[in-house]
Amino acid sequence: MRRSRLVVFVSSLLLAVGTALTGAATAQASSVATTGGYAALGDSYSSGVGAGSYISSSGDCKRSTKAYPYLWATAHSPSTFDFTACSGARTGDVLSGQLGPLSSSTALVSLSVGGNDAGFADVMTTCVTQSDSACVSRINTARAYVDSTLPGKLDSVYSAIRSKAPNAHVVVLGYPRFYQLGTTCLGLSETKRKAINDASDHLNTAIAKRAANHGFSFGDVRGTFTGHEICSGDSWLHSVNWLNIGESYHPKAPGQSGGYLPVLNAND
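All residue numbers for the sequence shown refer to UniProt numbering, where the first residue is 1 and numbers rise by one.
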């Protein structure tokens, strides 16, 4: 009997503690939604290119209702939601055209940018249409840019965000690895696939370092996309789409909801 009462007491205590902790976490998460705004900045990986369901008023920016920023805002109801991410955006585009909504009342900012600066589209075009050696050479050029020039461009963007939104929690989202290696898969050679994956890792490392130096969170999506790369059999990424070339190598709707959204939720 004593053991039974002890078990009941401990169980009740753990339940109470768990409820208190859950309540605290819920209150913390909802504070962003109720007391501040959310601004979603960046490139096509944030606008939702490849996910479909594009907002007509967004035009060529192709902002999708299935993109992770839209999904997050729908779930959390922030006091304001400014969705300025745009297909093709580089760091300069973020600086010149996406920061307008930021203010001292902005509580959360999410951002993905840097891939286009490093020549993402040209890298993929070269790797799809040319030889292994041409692909690797183009990737090496991109890697050199990431080492020499991109950090300063990221610093400019991150400093501007902090200046305009001094109270915001900023989450910088990275990019997935594109290919599952070691599998039989039509398309690019294993040499190209590995070089592309390594380049994505290199870019993520550079972005994460700059984000950390500014006190921002880095949202690493490589873990959530593991098992869902191209050649995996359950890919959350488009391969080459000859009917809609702009969607090639971008997340599908499941990549936004299952790859990006959980990482933003874990870091908001």
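All C-beta atoms, glycine included, are put in the ideal place defined by N, C-alpha and C.
Is DSSP giving residue i helix, strand or coil here?
{"i": "S150", "result": "Residue identity differs from the one stated: residue 150 is Leu in this sequence, not Ser. Helix at L150."}
{"i": "L237", "result": "strand"}
{"i": "P69", "result": "helix"}
{"i": "D60", "result": "helix"}
{"i": "G259", "result": "helix"}
{"i": "R138", "result": "helix"}
{"i": "H169", "result": "strand"}
{"i": "A208", "result": "helix"}
{"i": "I161", "result": "helix"}
{"i": "Y175", "result": "coil"}
{"i": "Y249", "result": "coil"}
{"i": "I196", "result": "helix"}
{"i": "N265", "result": "helix"}
{"i": "P254", "result": "helix"}
When the Cα of residue i is compared with those of the options, which residue comes out closest?
{"i": "R177", "options": "H169, V49, T226 and G92", "result": "T226"}
{"i": "M124", "options": "H250, R210 and V94", "result": "H250"}
{"i": "K62", "options": "G187, T84, S77 and L150", "result": "T84"}
{"i": "G223", "options": "Y175, G233, A107 and N116", "result": "Y175"}
{"i": "Q98", "options": "L111, S104 and A107", "result": "L111"}
{"i": "P78", "options": "G119, L203, S105 and E247", "result": "S105"}
{"i": "T141", "options": "S96, R162, G37 and G119", "result": "G119"}
{"i": "D268", "options": "S232, V170, D147 and T205", "result": "V170"}
{"i": "I245", "options": "P69, D122 and H76", "result": "D122"}
{"i": "S257", "options": "N197, P69 and I161", "result": "P69"}
Could you please give the first and the last residue of the uninterrupted beta strand (DSSP E) stretch that includes residue i?
{"i": "F218", "result": "S217 to G219"}
{"i": "S110", "result": "T106 to S112"}
{"i": "G223", "result": "Run containing G223: none in the beta strand (DSSP E); it sits in the alpha helix (DSSP H), R222 to F225."}
{"i": "D82", "result": "F81 to F83"}
{"i": "G42", "result": "G37 to G42"}
Just the C-alpha distance for residue i and residue j, rounded to the nearest angstrom, thanks.
{"i": "residue 275", "j": "S87", "result": "Any question about residue 275 goes unanswered here, given that the chain covers just 1 to 268."}
{"i": "A39", "j": "Y260", "result": "16 Å"}
{"i": "V172", "j": "C135", "result": "28 Å"}
{"i": "A216", "j": "K192", "result": "Checking the sequence shown, residue 216 turns out to be Phe, not Ala. Computed Cα separation, rounded: 32 Å."}
{"i": "V221", "j": "V240", "result": "21 Å"}
{"i": "A67", "j": "N265", "result": "14 Å"}
{"i": "D132", "j": "L243", "result": "25 Å"}
{"i": "Y45", "j": "C185", "result": "24 Å"}
{"i": "T149", "j": "N213", "result": "16 Å"}
{"i": "G182", "j": "G114", "result": "28 Å"}
{"i": "V128", "j": "G50", "result": "18 Å"}
{"i": "R210", "j": "S156", "result": "10 Å"}
{"i": "K164", "j": "A73", "result": "21 Å"}
{"i": "V94", "j": "Q130", "result": "32 Å"}
{"i": "Y158", "j": "S189", "result": "37 Å"}
{"i": "H202", "j": "S57", "result": "35 Å"}
{"i": "A253", "j": "W236", "result": "8 Å"}
{"i": "C231", "j": "S103", "result": "43 Å"}
{"i": "P101", "j": "A75", "result": "21 Å"}
{"i": "N204", "j": "S96", "result": "24 Å"}
{"i": "G187", "j": "P166", "result": "46 Å"}
{"i": "V263", "j": "L71", "result": "12 Å"}
Should residue i and residue j be called a contact, given that it needs their Cβ atoms to be closer than 8 Å?
{"i": "G42", "j": "S64", "result": "no"}
{"i": "A168", "j": "V109", "result": "yes"}
{"i": "D153", "j": "T91", "result": "Residue identity differs from the one stated: residue 153 is Lys in this sequence, not Asp. A contact, by the Cβ cut-off of 8 Å."}
{"i": "R143", "j": "A89", "result": "no"}
{"i": "A107", "j": "G36", "result": "yes"}
{"i": "E229", "j": "Y179", "result": "yes"}
{"i": "residue 269", "j": "A208", "result": "Absent from the model: residue 269. The displayed extent of the chain is 1 to 268, so no value can be given."}
Span of the alpha helix (DSSP H) holding residue i?
{"i": "V123", "result": "F120 to T129"}
{"i": "V49", "result": "Premise fails: V49 is in no alpha helix (DSSP H) and is neither H nor E."}
{"i": "S96", "result": "T91 to G97"}
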